[in-house]
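Visitor:
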Ligand SMILES: *Cc1c(COP(=O)(O)O)cnc(C)c1O
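In full-length UniProt numbering, the protein residues as written are 1 to 373.
1) Check residue 27 in the structure and name its three-state DSSP category.
2) Rounded to the nearest angstrom, what separates residue 24 and residue 212 at their Cα positions?
3) Expressed to the nearest angstrom, what Euclidean distance is found between the alpha-carbon atoms of residue 150 and residue 137?
4) Would residue 145 pass as a contact of residue 44 if the rule is Cβ separation under 9 Å?
5) Express the C-alpha separation of residue 119 and residue 93 in angstroms, rounding to a whole number.
6) Residue 286 by DSSP, collapsed to three states: which one?
7) Quick check: the region 108-122 against the region 248-265, are there 3 or more CB pairs under 8 Å?
8) Under the criterion of a Cβ to heavy atom distance below 8 Å, does residue 149 qualify as lining ligand 1?
9) Just reading off the beta strand (DSSP E) that residue 190 is part of, what are its end residues?
10) Is residue 141 a contact residue of ligand 1, with contact defined as CB to any heavy atom under 8 Å?
11) Can you tell me where the beta strand (DSSP E) holding residue 346 begins and where it ends?
12) For residue 207 versus residue 80, is the C-beta spacing smaller than 9 Å?
13) With a threshold of 16 other CB atoms inside 10 Å of the CB of residue 382, please say whether the residue is buried or exposed.
14) Does the region 276-288 come close enough to the region 337-355 to have 3 or more Cβ pairs within less than 8 Å?
15) State the DSSP-derived secondary structure class of residue 366, mapped to helix, strand or coil.
16) Taking C-alpha atoms, which residue in 364, 64, 269 lies nearest to residue 172?
17) On a Cα-Cα basis, can you pick out the residue from 123, 147, 350, 170 that is closest to residue 155?
18) Look up residue 139 in the DSSP assignment and give the residues it is bridged to.
19) Are the CB atoms of residue 140 and residue 176 within a distance shorter than 9 Å?
20) Is residue 195 near ligand 1, going by C-beta to nearest heavy atom under 8 Å?
21) Output needed for residue 304: all residues of its chain with C-beta closer than 8 Å, excluding positions within five of it in sequence on either side, in chain order.
22) Unbroken alpha helix (DSSP H) runs of length 4 or more, entirely within the region 257-345: which are they?
23) For ligand 1, I want to know if residue 77 counts as a neighbour, meaning its beta carbon is within less than 8 Å of at least one of the ligand's heavy atoms.
24) Please say whether residue 264 and residue 199 have beta carbons closer to each other than 9 Å?
25) Can you name, in chain order, every residue of its own chain whose Cβ lies under 8 Å from the Cβ of residue 323, other than the five neighbours on each side?
26) Under the criterion of a Cβ to heavy atom distance below 8 Å, does residue 121 qualify as lining ligand 3?
27) Mind checking which residues open and close the alpha helix (DSSP H) that includes residue 79?
28) Would DSSP call residue 88 helix, strand or coil?
29) Got a sec: does ligand 1 put a non-hydrogen atom nearer than 8 Å to the Cβ of residue 173?
30) Run through DSSP, which three-state label would residue 115 get?
31) So residue 274 packs on residue 165, CB below 8 Å; how close in whole Å?
32) Over what stretch of residues does the beta strand (DSSP E) that includes residue 355 continue unbroken?
33) Check for me: the alpha helix (DSSP H) holding residue 220 runs from which residue to which?
34) Quick one: what's got a C-beta closer than 7 Å to residue 318's C-beta in the same chain, skipping five residues either side?
35) Using DSSP with H/G/I as helix, E/B as strand and the rest coil, what is residue 209?
36) Within 10 Å of its beta-carbon, does residue 170 have 16 or more other beta-carbons around it, so buried, or fewer, so exposed?
If you want it as structure tokens, here you go:
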């Protein structure tokens, strides 16, 4: 089955005894045992598994083309599970512009447990210089948040295999509809389902999808079950509902983002537009190979600097000034003020999550705000 079909029918793995067409919400935390001590319903306790979570994991797994999926209560909980599954003193090679929240986990929670190097993963010649005897993992994030860098997952996949490393890709910005990293040799895909997968800015969630059920994956499943950072049945229910329209939402986000990027690129008050669907993007060729479209996220830098950037963020009417991304409503954020002084993000950068409003309204809104500076 193709993705649009999987997104709609992927959850219908078990026909319900009551004949529901749409999956029901299963709030029970505990499930009956039979006289032999077994669990005839296939579930024992909701932390371990739940019908709604099983449907969500099954659907995400099939959309990514993996062997198994583990859903979590947030994207950060999913990321933390990977770090926890590594042996102490393992070394990770991670991108220098790694999503701020996960970089902060490494720096403040795993600083005495793991070793890490933050490097430019696009610098193919230099990468081998960062290998250490204890290097166990390469972490990529593509497109990256908020610098919208795109990495050559195929090249990194071969590099990981040659050096026996576990290759993880945070594919949140692409969603399972625009990019399937497992195809390029990624071992584990991470999604913050809070973003495009949820798509309505009302559910927090995360997921890991594995290419194979190996020993490392068993550790991850164990941490999920025993650690317990799992999504509630209602979160899973909402995410499954969202996934049914994911494909068409991604088409709309990408179409709007492409047109907005083209408009902003030609605007005299804009210094640069970072969007993988633009020919001017430094990784345009790689992005055209990895992704079906440029996606729904772009960043812009403003010629007049930080003050002008915050003026624009304050004067847009349709782009809500708020963190997060991937919802139907457009959002804008000055990332530097969130990430702080150690961030690589330029002070005049605004990150834009392009929503599903009419593109003419969105362009008009930017045009009005830019006219005022
Ligand atoms: C938001 C985000 C995360 C973290 O997800 P939460 O659901 O907020 O915990 C991880 N990676 C990327 C790229 C993100 O944008």
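Cβ atoms here follow ideal geometry from the backbone N, Cα and C, with glycine treated the same way.
Guide: So, to answer that:
1) Residue 27 carries a coil assignment under DSSP once its states are collapsed to helix, strand and coil.
2) Computed Cα separation, rounded: 30 Å.
3) Going from the Cα of residue 150 to the Cα of residue 137 covers about 19 Å.
4) Remark: C-beta atoms of residue 145 and residue 44 do not approach each other more closely than 9 Å.
5) So the alpha carbons of these two residues sit roughly 7 Å apart.
6) DSSP places residue 286 in helix when its eight states are reduced to three.
7) No contact exists between the region 108-122 and the region 248-265.
8) False, no ligand heavy atom lies under 8 Å from that Cβ.
9) DSSP places residue 190 inside the beta strand (DSSP E), whose first and last residues are 188-192.
10) Between ligand 1 and residue 141, a heavy atom-to-CB distance of less than 8 Å is present.
11) That residue, residue 346, is in no beta strand (DSSP E); it is neither H nor E in DSSP.
12) No, Cβ-Cβ distance for residue 207 and residue 80 is not below 9 Å.
13) The structure shown has nothing for residue 382, since the chain only spans 1 to 373.
14) No: the two stretches stay apart, fewer than three of their Cβ pairs being nearer than 8 Å.
15) It is helical.
16) Taking only the C-alpha atoms, the option nearest residue 172 is 64.
17) Comparing alpha carbon positions, the residue from 123, 147, 350, 170 closest to residue 155 is 123.
18) Bridge partners of residue 139: 168.
19) Not closer than 9 Å, so no.
20) In terms of side-chain proximity, the C-beta atom of residue 195 is found nearer than 8 Å to a non-hydrogen atom of ligand 1.
21) Cβ contact annotation for residue 304 (same chain, cutoff 8 Å, sequence separation greater than five): 269, 348, 373, in chain order.
22) Taken in chain order, the complete alpha helix (DSSP H) segments of 4 residues or longer contained in the region 257-345 are 284-290, 306-315, 336-339.
23) Look at residue 77: its beta carbon is less than 8 Å from one of the heavy atoms in ligand 1.
24) Not in contact: residue 199 and residue 264 (Cβ atoms no closer than 9 Å).
25) If we look at residue 323 and ignore the five residues flanking it on each side, its Cβ neighbours are 331, 333, 338.
26) No copy of ligand 3 appears in this structure; the ligands present are ligand 1.
27) In the DSSP annotation of this structure, the continuous segment of the alpha helix (DSSP H) that includes residue 79 starts and ends at 75-85.
28) Under the three-state reduction of DSSP, residue 88 is assigned to coil, being neither helix nor strand.
29) Under cutoff, so the answer is yes.
30) It is a strand residue.
31) With 8 Å as the limit, residue 274 and residue 165 do not qualify as a contact, their Cβ atoms being about 28 Å apart.
32) Boundaries cannot be given for residue 355, as no beta strand (DSSP E) includes it and DSSP labels it neither H nor E.
33) It spans 215-222 - the alpha helix (DSSP H) in which residue 220 sits, taken as one unbroken run.
34) Here the set comprises 330, 357, 361, 362, 365.
35) Residue state for residue 209 is assigned as strand, using DSSP reduced to three classes.
36) Buried is the call here.
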